[in-house]
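Participant: There's a structure below that I have some questions on.
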Amino acid sequence: MCTLAILYRVARGTPILIAANREERYDRPTQYPKIQSGTPRVVCGIDRKAGGTWLGVNQHGLFCAVSNRRKLAVPEE
206 MCTLAILYRV ARGTPILIAA NREERYDRPT QYPKIQSGTP RVVCGIDRKA GGTWLGVNQH
266 GLFCAVSNRR KLAVPEE
């Protein structure tokens with residue numbers, strides 16, 4: 206299960222702190238977070254298998270995260 210924590214105004218001088226883990230597959234190849242090429246500038250890690258990301262922020266402060274969720278069990282009628 207992936208975990209995402211967003212802490213708002215808990216550290217002086219830092220309006221928001223974001224932490225996440227990605228534990229679906231420890232053996233899945235990834236690239237550590239870095240500034241990616243392109244415009245706008247984005248800092249994110251890269252999933253080397255599928256080419257996407259799970260957590261990133263751009264130069265304008267737009268933050269995006271992807272997590273998983275368990276399928277809800279819907280009772281039969």
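For the sequence shown, the numbering used here begins at 206 and goes up steadily by one.
A virtual CB, placed ideally from N, CA and C, is assigned to each residue, including glycine.
Quick caveat: nothing in here was measured; it's all calculated off a predicted structure.
Below 8 Å, can you find three or more Cβ-Cβ pairs linking the stretch 235–244 to the stretch 209–226?
Facilitator: Because the criterion of three Cβ pairs below 8 Å is not met, the stretch 235–244 and the stretch 209–226 do not touch.
Participant: May I have the straight-line CA-CA distance separating Pro-245 from Leu-267, to the nearest angstrom?
Facilitator: When rounded, the distance between both Cα atoms is 10 Å.
Participant: Between Leu-209, Trp-259 and Val-279, which has its C-alpha nearest Arg-233's C-alpha?
Facilitator: The shortest Cα separation from Arg-233 among Leu-209, Trp-259 and Val-279 belongs to Trp-259.
Participant: How long is the line joining the alpha carbons of Cys-249 and Thr-208, rounded to whole angstroms?
Facilitator: Near 16 Å, if we compare the C-alpha coordinates of Thr-208 and Cys-249.
Participant: Looking at C-alpha atoms only, which residue of Val-247, Arg-230, Ala-210 and Val-262 is the closest neighbour of Lys-254?
Facilitator: Here the closest residue by C-alpha is Arg-230.
Participant: What residues in its chain sit with their C-beta under 8 Å from that of Pro-220, if we drop five residues either side in the sequence?
Facilitator: Closer than 8 Å at Cβ, skipping near neighbours: Tyr-213 and Arg-214.
Participant: Expressed to the nearest angstrom, what Euclidean distance is found between the alpha-carbon atoms of Leu-222 and Gly-261?
Facilitator: Each residue's alpha carbon lies about 13 Å from the other.
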